[in-house]
Amino acid sequence: MRLGSKLRGEFPLGWWRSARWWITGIRELALSTAATVATAVFVGEVKRAVRHRDEPRTLARLSGTFEGYVASLLANSAGLAVLATMAIEDGLPVVLTALLTGWCLLNIGISATVFVVVARSRIRQSAAWAELDFVEQHAPKYGRPPETIEEYRAQQLQK
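Residue 29 in numbering that gives the first Met the number 0 sits at position 30 of the sequence shown; the count goes up by one each step and never skips.
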């Protein structure tokens, strides 16, 4: 896929006037940020992911993007390392250290669970995930009509 096609997919004609484009973008950014910073908010999503671990369509629609959960795993692991260093160097109060350690471990546990469930599903059901990835990559976004053969096919697969 050429760069122009990718840009046209992400920035359709009149994107700066499209409320739908802005709302979708802000929502995705907010969910990814929340998944990175406060993964504990998504405990219900993790339960749903574990319950539907053999259903790729359900896993693909989790709140907070998969990248947000991976970022949470990395950020909270780094935060735990920084916290340990600060506790050793500066002698943080025990209560504060315990609370922050618990928060980081909770976020790491939740994001690791999502990571493992999605990775397992992608490995075991690669054909279903390939179809979902094709639809995500080629489906027309923000209400614009399909323009290419791939977009028509992706739109049919969506239904």
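Where a beta carbon is used, it is the ideal one built from N, C-alpha and C, also for glycine.
Since the structure is predicted, the reported quantities are computational estimates derived from the model, not experimental observations.
Just so you know, the alpha carbons of TRP14 and ALA33 end up roughly 25 Å apart. Rounded to whole angstroms, TRP102 and GLN155 show a C-alpha spacing of 43 Å. LEU61 sits away from ILE107, with the two beta carbons spaced by 9 Å or more. Here GLU150 is near ALA138, since their CB atoms are less than 9 Å apart.
The three-state reading of DSSP puts GLN124 in coil, since its state is none of H, G, I, E or B. For GLY90, the three-state secondary structure derived from DSSP is coil. Annotation: the continuous alpha helix (DSSP H) that includes ARG47 extends over 42-50.
Shown here, LEU61 sits in coil according to DSSP, grouped into three states, outside any helix or strand.
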